[in-house]
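In what follows, a single structure is set out as structure tokens and then discussed.
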Amino acid sequence: MKKRFFLLFFIMLLAGCTASGEEETARNEVEIPLGSRSLLLTSENLRMERQYQPEGLDALYEDTVYEIDSGSAAVTVTVRKLNNGDRFVMLRLDGKGALKGTIAMKGADDYYLIDWAQEMPEREHNKVTGTDPTKPPVGLFRFTDNHQFMNELVMSHSFSSKTMSELYGNGRESTLRELLSEKNTLTHSKAGVAFDLSAERNEITEQWFLLAEEPLFSETNHLNEWITFQKENYKEVNNWFTVDGPMKKLPWSVEPFTKEGYGRYLGTMIEKEAVDRFFKYKDRYFYNLTVQSAANLWAYRESRDDVIWKTEFTSTWLKQKYDITAPYVDTRHNELIALYLHRIGKELGVPELEAALVDYSDYLLNLISIDNIVPAETGYYPADYYSPQQGKQFIHASLNHALGEANMFIEAYRVTEDKKYLFAARDIRKAIESTGEKWIRPTGDLWYQINRDGTFDGGDYELLTLYDLQRHEKNWKELGGSPSPILQKLIESKEQYLNSK
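Read in order, the letters of the sequence shown correspond to residues -21 to -1, 1 to 480 in mature numbering (1 follows the signal peptide of the UniProt record, and there is no 0).
The following block contains the structure:
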């Protein structure tokens, strides 16, 4: 009798498990909370696998990651709740499948769309990156109830791509994406906004949006200026946010090669223009992009357990010249990131971000101490790149990198009053002065780089190095230093060259 009872109980238990499993796999909806709103995902055979909150910067944002099984595809949704209540939402459909997303606006009786991507200017072919077809977000939606504000939404296009990678020895890897298509799949009404994602095998399709609890722009002209800026200065903004950070058009000199290569390009992961506009205007949209930028950079660095940011795709130019493959350190990108994160951290009261300046300054001092430099008659130029893989090969130094690093060391000295940073800035300044007018090309323009043997190569940027020179002289004067006749000569020669063009 006991044996029969146990057998009956075991059969009932199995039946219960089977019924529960069938109910779960048959589910075709998953709802993700977004405060007073929600994101409804619909597809066949959706199943929530995992929900977790990775470590971030609690003072600024909190991430919640949802991992959803969709049969032959995997769905990842990251909801980034900012400390002002707004939410960035990034979605990824990885593998063959289709997915519909809906953000319902229950209670809205009216809405309008401000189109951000209409009348796009034609983009000229760039000799370094080719043509970047990615467009700004579709636009900004405002929903109202009886003329009262409810929410605003900034919705992106959807981006389909495939991952490309090149493996090297010792676990090194170059990774990037090849863009396959960009689409506007949005449908909208006063009831809300919906979008469709679809992907084939070995493809990834992504979408992002920003849900705002208050108006994003304090003045109409701030919005109009930003719409224009995004169109005309597309190289300086990010249009494609993913769960792992923004994707940006890469030079053709990448490995593996594709003309449509995109990756996490450190030079634009700092939303420099948006951050500058936040400090100037304080608009909510620019604040949100500032936090988004800090969050993406913080997560990128923390995932590698480092104090610096390493480039994750290989430059064939660096590989051929110095045998360097990804990952490696680009000193100028790290200098820009350190300065901006310090500025953001100081303004918003986030010590972890403030520390980026000193962390990277100390890292660069360590590179200098192991002779990763180009020596001058007096002083030195920090080398532009670093990788343990480079061995005893000496890498060039460019004038703009050296000036940027000298300016960063001056800022680190201002913050800490530790003279080791002042001495480093002085040594770089001495190197420029000792090299002197050799930096001037016969045309009056400046050379781009100096090599370990004292030779020069490359054409200079049109304005970047000039601005760096002017900024350095200003910074040095504010410390009580005297103007440099040599640096003044470089500035004058560059200006005369530009005026003669």
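Glycine residues also receive a C-beta, built at the ideal position from the N, C-alpha and C atoms.
Small disclaimer: the values here were computed from a predicted structure and weren't measured.
Looking at residue i: is its Cβ nearer than 8 Å to the Cβ of residue j?
i           : j           : result
residue 69  : residue 45  : no
residue 71  : residue 55  : yes
residue 172 : residue 132 : yes
residue 277 : residue 312 : no
residue 387 : residue 318 : yes
residue 491 : residue 140 : In the structure as shown, the chain begins at -21 and stops at 480. Residue 491 is therefore absent and cannot be evaluated.
residue 77  : residue 22  : yes
residue 184 : residue 176 : yes
residue 59  : residue 274 : yes
residue 249 : residue 272 : yes
residue 410 : residue 446 : no
residue 96  : residue 117 : yes
residue 220 : residue 134 : no
residue 263 : residue 193 : yes
Pull up the DSSP beta-bridge partners for residue i, would you.
i           : result
residue 167 : 172
residue 134 : 118 and 188
residue 248 : Its beta-bridge partners do not exist; DSSP assigns none.
residue 94  : 118
residue 89  : 123
residue 107 : For residue 107, which the question treats as bridged, DSSP gives no partner whatsoever.
residue 426 : 438
residue 56  : 45 and 70
residue 178 : 76
residue 419 : 425
residue 257 : Paired residues: none, contrary to the question.
Identify whether residue i lies in helix, strand or coil by the three-state DSSP scheme.
i           : result
residue 319 : helix
residue 406 : helix
residue 243 : coil
residue 337 : helix
residue 231 : coil
residue 462 : coil
residue 40  : strand
residue 35  : coil
residue 273 : helix
residue 73  : strand
residue 478 : helix
residue 344 : helix
residue 481 : Not covered by the structure: residue 481. The range shown for the chain is -21 to 480.
residue 224 : strand
residue 11  : strand
residue -1  : Its pLDDT being 37, under 50, residue -1 is placed unreliably by the model, and nothing is read from it.
residue 357 : coil
residue 208 : helix
residue 414 : helix
residue 236 : coil
residue 19  : strand
residue 156 : strand
residue 444 : helix
residue 101 : coil
residue 472 : helix
residue 198 : coil
residue 146 : strand
Assign residue i to one of two classes, buried (16 or more other C-beta atoms within 10 Å of its C-beta) or exposed (fewer than that).
i           : result
residue 244 : buried
residue 256 : buried
residue 442 : exposed
residue 309 : buried
residue 136 : buried
residue 181 : exposed
residue 247 : buried
residue 261 : exposed
residue 31  : exposed
residue 10  : exposed
residue 12  : exposed
residue 477 : exposed
residue 5   : Bear in mind that the predicted position of residue 5 carries a pLDDT of just 39, short of 50, making it too unreliable to give a figure here.
residue 430 : exposed
residue 146 : exposed
residue 107 : exposed
residue 345 : exposed
residue 458 : exposed
residue 356 : exposed
residue 258 : exposed
residue 473 : buried
residue 296 : exposed
residue 91  : exposed
residue -1  : Here residue -1 scores only 37 on pLDDT, less than 50, and its place in the model should not be relied on; the value that follows carries that caveat. With fewer than 16 Cβ atoms within 10 Å of its Cβ, residue -1 is classed as exposed.
Taking 8 Å as the threshold (beta carbon to beta carbon), is residue i in contact with chain D?
i           : result
residue 241 : Any reference to chain D falls outside this structure, which holds one protein chain only.
Is residue i close to the ligand HEM? I mean its beta-carbon at under 7 Å from any heavy atom of the ligand.
i           : result
residue 225 : As for the ligand HEM, it is missing from this structure, which has no ligand bound.
Entirely enclosed alpha helix (DSSP H) segments - the region 361 to 406, minimum 4 residues: 378 to 395
Segments of 4+ residues assigned as alpha helix (DSSP H) that fall wholly inside the region 279 to 309: 295 to 301
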